[in-house]
Amino acid sequence: MGSQLSFILGFFGLFLLHKLVPIMFQQSQTTQPKVHYYDFVLRDSNFTRLCSTKSMLTVNESFPGPTIRVRKGDTAIVNVHNYGRYGVTIHWHGVKQPRNPWYDGPENITQCAIRPGHNFTYVVFFTVEEGTLWWHAHSDWTRATVHGPIVILPALGTTYPFPQPYEEHTIVLGSWFKGDVMSIISEAMYTGGRPNSSDAHTINGQPGDLYPCSNQTTYRLKVKPGKTYLLRIVNAVMDVEIFFGIANHNLTVVGQDGSYLKPVTTDYISTTSGQTFDVLVTTNQDPSLYYMIASPLFDGQYTPFDNSTSTAILEYEGDYTPPSTPVFQFLPGCNDTDAAVSFSKRLRSLASKEYPIDVPKNITTTMLITTDMNHIPCPNKSCAAHGDRLASSLNNFSFVTRPIDILQAYTRNLSDIYTTDFPDAPYVIYDFTGGKGNASEYTTPGTRVKMLNYGEQVEMVFQGTTIVGPESHPMHLHGYSFYVVGLGYWNFDYGSDPVSFNLIDPPKVNTIMVPAKGWVAIRFVADNPGAWLMHCHLARHLIWGMSTVLIVKNGPSNDTSIRPRPSYMPSCSSS
Numbered sequence: 013m014g015s016q017l018s019f020i021l022g023f024f025g026l027f028l029l030h031k032l033v034p035i036m037f038q039q040s041q042t043t044q045p046k047v048h049y050y051d052f053v054l055r056d057s058n059f060t061r062l063c064s065t066k067s068m069l070t071v072n073e074s075f076p077g078p079t080i081r082v083r084k085g086d087t088a089i090v091n092v093h094n095y096g097r098y099g100v101t102i103h104w105h106g107v108k109q110p111r112n113p114w115y116d117g118p119e120n121i122t123q124c125a126i127r128p129g130h131n132f133t134y135v136v137f138f139t140v141e142e143g144t145l146w147w148h149a150h151s152d153w154t155r156a157t158v159h160g161p162i163v164i165l166p167a168l169g170t171t172y173p174f175p176q177p178y179e180e181h182t183i184v185l186g187s188w189f190k191g192d193v194m195s196i197i198s199e200a201m202y203t204g205g206r207p208n209s210s211d212a213h214t215i216n217g218q219p220g221d222l223y224p225c226s227n228q229t230t231y232r233l234k235v236k237p238g239k240t241y242l243l244r245i246v247n248a249v250m251d252v253e254i255f256f257g258i259a260n261h262n263l264t265v266v267g268q269d270g271s272y273l274k275p276v277t278t279d280y281i282s283t284t285s286g287q288t289f290d291v292l293v294t295t296n297q298d299p300s301l302y303y304m305i306a307s308p309l310f311d312g313q314y315t316p317f318d319n320s321t322s323t324a325i326l327e328y329e330g331d332y333t334p335p336s337t338p339v340f341q342f343l344p345g346c347n348d349t350d351a352a353v354s355f356s357k358r359l360r361s362l363a364s365k366e367y368p369i370d371v372p373k374n375i376t377t378t379m380l381i382t383t384d385m386n387h388i389p390c391p392n393k394s395c396a397a398h399g400d401r402l403a404s405s406l407n408n409f410s411f412v413t414r415p416i417d418i419l420q421a422y423t424r425n426l427s428d429i430y431t432t433d434f435p436d437a438p439y440v441i442y443d444f445t446g447g448k449g450n451a452s453e454y455t456t457p458g459t460r461v462k463m464l465n466y467g468e469q470v471e472m473v474f475q476g477t478t479i480v481g482p483e484s485h486p487m488h489l490h491g492y493s494f495y496v497v498g499l500g501y502w503n504f505d506y507g508s509d510p511v512s513f514n515l516i517d518p519p520k521v522n523t524i525m526v527p528a529k530g531w532v533a534i535r536f537v538a539d540n541p542g543a544w545l546m547h548c549h550l551a552r553h554l555i556w557g558m559s560t561v562l563i564v565k566n567g568p569s570n571d572t573s574i575r576p577r578p579s580y581m582p583s584c585s586s587s
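Numbering-wise, the working numbering comes out as the position in the sequence shown, counting from 1, plus 12.
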């Protein structure tokens with residue numbers, strides 16, 4: 013089936029895809045994968061929060077945006093119409109898109125922007141994912157308002173690896189800015205300083221009772237006593253990690269980033285920007301009102317952040333007198349990195365006969381990648397960061413996007429777009445978590461990528477540093493899920509730390525938090541050819557350069573090679 017779709021995409025274009033794919037799937041539709049069609053209309057719409065109204069870019073005039081709902085093995089065809097003021101792309105966060113990087117979405121990495129007044133149709137293959145993922149804009153800061161959930165149900169004929177829940181609900185955690193987000197980031201890039209923090213966190217688009225002018229619009233989830241509900245939680249927050257909990261209720265975590273986990277019961281979850289969780293909640297408390305709470309974790313030093321708490325209400329049905337104030341529960345503090353690390357260390361893949369895993373054990377490529385906060389010199393010390401420009405980097409190189417996308421440059425052998433010298437380790441080795449030592453606080457801008465042969469078994473260690481200041485970083489890899497085999501504090505030790513690696517049932521994820529003054533070790537097989545962005549998912553760090561691109565070369569056959577480039581890709585010309 014994959015080769016048939018590739019043939020259609022490569023030689024007959026989107027028109028025949030619309031006509032022929034339904035025919036291909038019309039037989040035995042009760043068991044065969046399906047094709048789902050969506051129209052995403054991007055335009056500015058008015059929204060009122062925190063006592064004021066503003067116009068902002070959304071999809072189909074909703075915040076958060078519409079849910080894509082499919083089954084494992086299905087395909088979604090999404091036609092994006094851009095009636096906004098800016099060029100935009102859409103990324104399908106956590107979807108592998110095998111051999112299909114053209115539709116991955118990051119601007120100037122796999123495509124150029126969909127210009128205002130134009131449209132582009134994405135073809136999204138859901139092949140190995142099952143659970144909850146999400147989609148979002150991937151151009152500057154547009155994802156603050158352009159995002160929504162992806163629900164991937166089990167394939168027909170299969171079930172969840174846990175009892176069928178009574179109901180399912182999506183919970184999208186987001187950020188609210190009173191100002192225009194594009195103006196905020198444009199001002200910060202002009203001055204070289206920090207962008208303004210958000211003014212509120214949101215749960216399903218609403219800040220909640222603890223913010224002004226918000227208690228009448230607080231999101232409410234009505235539930236029946238004695239039932240089990242599946243909450244699909246998406247962290248779309250821009251620049252902090254989030255603790256989430258429900259007062260007096262335990263949460264049973266059963267999935268993360270589109271893969272199942274061994275059940276973990278907890279009274280809170282820690283979720284970093286970009287992550288998704290599947291959580292079971294049983295309504296076994298006295299009928300009443302209970303707060304759902306989202307509060308920040310931010311462990312950076314000397315950096316302002318949105319230290320406010322968003323709430324929603326879990327509302328029991330029944331005949332009772334509701335309290336004047338819902339039951340509240342305090343979550344870990346805003347600088348409690350230990351609570352976040354402790355939660356992450358409890359997560360294990362299901363690793364069952366029905367849901368096997370395959371952790372790479374014969375490593376052929378090893379990389380040590382530092383996640384650095386930096387400065388870039390400004391002429392005459394004219395910028396906002398003590399005269400310098402704020403920056404971030406991987407291995408002390410800040411990624412610079414080019415006016416033509418990396419994938420096009422690679423497949424067409426265009427020169428002078430990127431270099432292939434992203435290093436496997438930092439050039440200067442020092443006490444990463446004890447100070448900057450002889451490492452420079454100034455980063456080197458450039459468009460450096462890492463080349464990988466098809467089939468390489470890769471181990472990466474992300475190492476936090478204190479060059480300018482320690483801070484956690486949620487690292488996200490496009491086109492892949494990876495196994496988190498180790499996580500710890502201080503400097504990674506190649507002699508002792510691998511001894512404790514979990515190679516039996518590590519969680520398989522697409523985004524992982526590198527703790528401040530700590531490290532994370534991941535493994536994956538480079539079996540998805542294409543150009544895939546790897547970056548910190550905190551919005552300001554991405555815009556400052558904490559990213560690189562992994563170019564995975566074609567394998568030995570058509571079925572291990574990049575699909576043909578669609579003929580209708582957005583133009584990179586500004587005219």
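Glycine included, each C-beta is placed from N, C-alpha and C at the ideal position.
Fair warning: this is a prediction, and the values are worked out from it, not measured in the lab.
Give me the Cα-Cα distance between residue i and residue j, rounded to the nearest whole angstrom.
i           : j           : result
residue 38  : residue 56  : Note that residue 38 scores a pLDDT of 45, beneath 50, so its modelled location is shaky and nothing firm can be said.
residue 496 : residue 330 : 44 Å
residue 554 : residue 236 : 42 Å
residue 26  : residue 146 : Since pLDDT at residue 26 reaches only 46, below the 50 mark, its modelled position is unreliable, and no value is offered.
residue 108 : residue 165 : 16 Å
residue 62  : residue 421 : 45 Å
residue 277 : residue 402 : 40 Å
residue 494 : residue 372 : 10 Å
residue 189 : residue 502 : 35 Å
residue 528 : residue 317 : 16 Å
residue 482 : residue 400 : 19 Å
residue 562 : residue 437 : 15 Å
residue 489 : residue 538 : 12 Å
residue 152 : residue 468 : 32 Å
Find out if the Cβ-Cβ distance for the pair residue i, residue j is shorter than 9 Å.
i           : j           : result
residue 557 : residue 455 : yes
residue 462 : residue 379 : yes
residue 473 : residue 524 : no
residue 52  : residue 78  : yes
residue 486 : residue 411 : no
residue 186 : residue 215 : yes
residue 323 : residue 221 : yes
residue 196 : residue 134 : no
residue 326 : residue 375 : no
residue 252 : residue 530 : no
residue 359 : residue 546 : no
residue 513 : residue 460 : no
residue 388 : residue 204 : yes
residue 319 : residue 238 : no
residue 491 : residue 113 : yes
Does residue i pass the burial test, meaning 16 or more other C-beta atoms within 10 Å, or should it be called exposed?
i           : result
residue 370 : exposed
residue 579 : exposed
residue 103 : buried
residue 424 : exposed
residue 426 : exposed
residue 43  : exposed
residue 520 : buried
residue 398 : exposed
residue 511 : exposed
residue 583 : exposed
residue 40  : With a pLDDT of 45 at residue 40, under the threshold of 50, the modelled position of this residue cannot be trusted; read the value that follows with caution. Per the 10 Å Cβ criterion, exposed.
residue 219 : buried
residue 226 : buried
residue 439 : exposed
residue 336 : exposed
residue 479 : buried
residue 603 : Outside the displayed span of the chain (13 to 587) sits residue 603, for which this structure offers no information.
Can you check DSSP and say which residues form a bridge with residue i?
i           : result
residue 137 : 87
residue 181 : 243
residue 45  : DSSP output for residue 45 lists no bridge partner at all.
residue 301 : 327
residue 486 : 525
residue 194 : None; residue 194 has no bridge partner.
residue 55  : 70
- prompt: Residue ranges of each beta strand (DSSP E) run of no fewer than 3 residues wholly in the region 515 to 541, ordered along the chain?
  reply: List check, beta strand (DSSP E) in window: 523 to 526 and 530 to 537.
Runs of beta strand (DSSP E) lying entirely within the region 308 to 375, each at least 3 residues, in chain order: Taking 3 residues as the minimum length, the beta strand (DSSP E) runs contained wholly in the region 308 to 375 are 322 to 328, in order along the chain.
message: Extract the residue ranges of the beta strand (DSSP E) inside the region 204 to 270, only unbroken runs of 3 or more that lie entirely within it.
response: Complete beta strand (DSSP E) runs here, min 3: 212 to 215, 232 to 235, 240 to 247, 253 to 258 and 263 to 268.
message: Just to confirm the assignment: which complete beta strand (DSSP E) runs, minimum length 3, are found wholly within the region 422 to 464?
response: Counting only runs of 3+ residues, the beta strand (DSSP E) found wholly inside the region 422 to 464 occupies 456 to 458 and 461 to 464, in chain order.
- prompt: For the region 99 to 161, which segments carrying the beta strand (DSSP E) assignment without a break, of at least 3 residues, lie completely within its bounds, in sequence order?
  reply: The region 99 to 161 contains these whole beta strand (DSSP E) runs: 102 to 105, 131 to 137 and 143 to 149.
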